[in-house]
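Okay, structure first, notes after.
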Ligand SMILES: CC(=O)SCCNC(=O)CCNC(=O)[C@H](O)C(C)(C)COP(=O)(O)OP(=O)(O)OC[C@H]1O[C@@H](n2cnc3c(N)ncnc32)[C@H](O)[C@@H]1OP(=O)(O)O
């Protein structure tokens, strides 16, 4: 896709950070002054920041990506690009700038060997047309204070320390625990700038709540989990009704999950705990005696776009044996289109171009939705988005593509 006349795609180096922030403030209106944001640590990798300039030189479009070199996918890991900071100045919208930037992003990602692209969508209607499918859902809970939790042996051996977040002191523990999780879609903050920026806590981003705290779980002095949180107190006539806002919780073991949630639901002056970005199968769903009281709310999490079909399908594993011919359409990356034989199972898979008759037909968008194992091909077929070309092909393929651990990304990057 070429840009309309009068625009050009450019690299945006770190020296142009202020201009980048001004452009971003046009796309995402807010009350944070670009000069203030300029002082904050940037998560961006300035070799992956691109923009669109108008013919008067103004930067009117931005996009960037994070490198996820070893993104967990079912049974394996792939190189993925996390698309982010996508914005177009409102005075230049609906002229094809986003489409040109996505084309640029896809080409550059493929050149780097990244077989998948992920994103969080500002508005869900935007990205399907570019082959991104909604691949993970997230749970948002509002857990009442004092909610009963089931017992887990060993939880009493986990010590929880409550401290104010200090990137110098807590960065390594947070990175180590977060990076140890092996869940499809779990984007680790691999780059140092991204890890530092995640723990940065300017008062402008606190929404009236306290500074960011960490509940650091340790066993024998070794960090084994954490929750990042802020309390916000609201004094009402009936008494204090504070909220505990959980920014991220990372509890790779059951005893750690029980210990951390036990602390979160029992903080003085609060009446509820709000947690989002939870996997739909998060341990807390099963720890809560009364999950209904936590008002579960189901939302979209990460969107996935398969950039290189044979490489991506060959890099994951399948829950059961599979031998299927997929007929794919992909208008943005024509090399992905056509028929692919996928043969493999729990030990891996081979993907080859074929002229054989198709068993299933689908668009690359639906492949992206199913790729992380959390969205069933059968469910997509029930909506008319996957077509069964050979009777009986759908359910075995859907079972093979599924995965016992639900995908999720724990933070919006
Ligand atoms: C991963 C992320 O960073 S998500 C953040 C996305 N950014 C924002 O939401 C910030 C505010 N919005 C914007 O900056 C812009 O309006 C953008 C980036 C969403 C769209 O940029 P534009 O340059 O106007 O998009 P462009 O003209 O290339 O449109 C491409 C297609 O997307 C459609 N589209 C664009 N924005 C939207 C939207 N918000 N909702 C639905 N469809 C949209 C267009 O109609 C067009 O459709 P077509 O293919 O049928 O012709």
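Numbering (the numbering used here), first residue to last: 788 to 1200.
A virtual CB, placed ideally from N, CA and C, is assigned to each residue, including glycine.
Among the options, nearest to residue i - alpha-carbon criterion
i            : options                   : result
residue 1035 : 1053, 976 and 989         : 976
residue 1150 : 1030, 1027, 1139 and 1175 : 1175
residue 862  : 1147, 1131, 1173 and 1178 : 1131
residue 849  : 860, 864, 885 and 843     : 885
residue 789  : 936, 1119 and 1050        : 1119
residue 1026 : 1018, 1057 and 997        : 1057
residue 913  : 889, 897 and 895          : 889
residue 1129 : 1121, 1103 and 1153       : 1103
residue 1157 : 1145, 1143 and 1172       : 1172
residue 1000 : 882, 959, 823 and 1015    : 1015
residue 958  : 1052, 1111, 1069 and 985  : 985
residue 866  : 897, 876 and 880          : 897
residue 877  : 811, 1037 and 891         : 811
residue 784  : 803, 880 and 827          : Shown here, the chain extends from 788 to 1200; a query on residue 784 therefore has no answer.
residue 926  : 981, 809 and 1078         : 1078
residue 795  : 1101, 882 and 1115        : 882
residue 943  : 973, 1007 and 829         : 1007
residue 992  : 793, 803, 827 and 1185    : 827
residue 1038 : 1069, 1073 and 981        : 1069
residue 990  : 963, 819, 1168 and 1108   : 819
residue 1074 : 1200, 887 and 1040        : 1040
residue 956  : 916, 983 and 1098         : 983
residue 1190 : 1028, 816, 894 and 1108   : 1108
Assigned exposure category for residue i - 16 Cβ within 10 Å defines buried
i            : result
residue 1010 : buried
residue 961  : buried
residue 951  : exposed
residue 1161 : buried
residue 1020 : exposed
residue 834  : exposed
residue 859  : buried
residue 823  : exposed
residue 979  : exposed
residue 1059 : buried
residue 1101 : buried
residue 1152 : buried
residue 1170 : exposed
residue 1029 : buried
One or two residues paired with residue i in a DSSP bridge
i            : result
residue 853  : 869
residue 924  : 1087
residue 1093 : 903
residue 1127 : 1113 and 1140
residue 1064 : According to DSSP, which records beta bridges pairwise, residue 1064 is partnered with nothing at all.
residue 841  : 794
residue 886  : Residue 886 pairs with nothing; no bridge assigned.
residue 859  : 864
residue 1150 : 1116
residue 1002 : 949 and 1014
Proximity below 8 Å, CB of residue i to CB of residue j
i            : j            : result
residue 1064 : residue 1197 : yes
residue 948  : residue 1005 : yes
residue 854  : residue 841  : no
residue 797  : residue 838  : yes
residue 870  : residue 807  : no
residue 924  : residue 1088 : yes
residue 1194 : residue 971  : yes
residue 825  : residue 805  : yes
residue 1031 : residue 1018 : yes
residue 1113 : residue 1126 : yes
residue 1012 : residue 1051 : no
residue 809  : residue 821  : yes
residue 829  : residue 892  : no
residue 1184 : residue 1072 : no
residue 1124 : residue 1134 : no
residue 940  : residue 987  : no
residue 1066 : residue 934  : no
CB-CB length for residue i against residue j, believed under 8 Å
i            : j            : result
residue 932  : residue 1076 : Incorrect: roughly 14 Å between the Cβ atoms, too far for contact.
residue 1062 : residue 905  : Their Cβ separation, rounded to whole angstroms, is 21 Å, which puts residue 1062 and residue 905 out of contact at 8 Å.
residue 945  : residue 1042 : 6 Å
residue 1094 : residue 968  : That belief does not hold up - the Cβ atoms of residue 1094 and residue 968 are roughly 24 Å apart, past 8 Å.
residue 908  : residue 1159 : That pair is no contact at about 15 Å.
residue 1187 : residue 1122 : Going by Cβ atoms, the distance from residue 1187 to residue 1122 rounds to 24 Å, so no, they are not a contact pair.
residue 918  : residue 1179 : Not quite, the Cβ-Cβ distance comes to about 28 Å (not below 8 Å), so this is no contact.
residue 1082 : residue 929  : 5 Å
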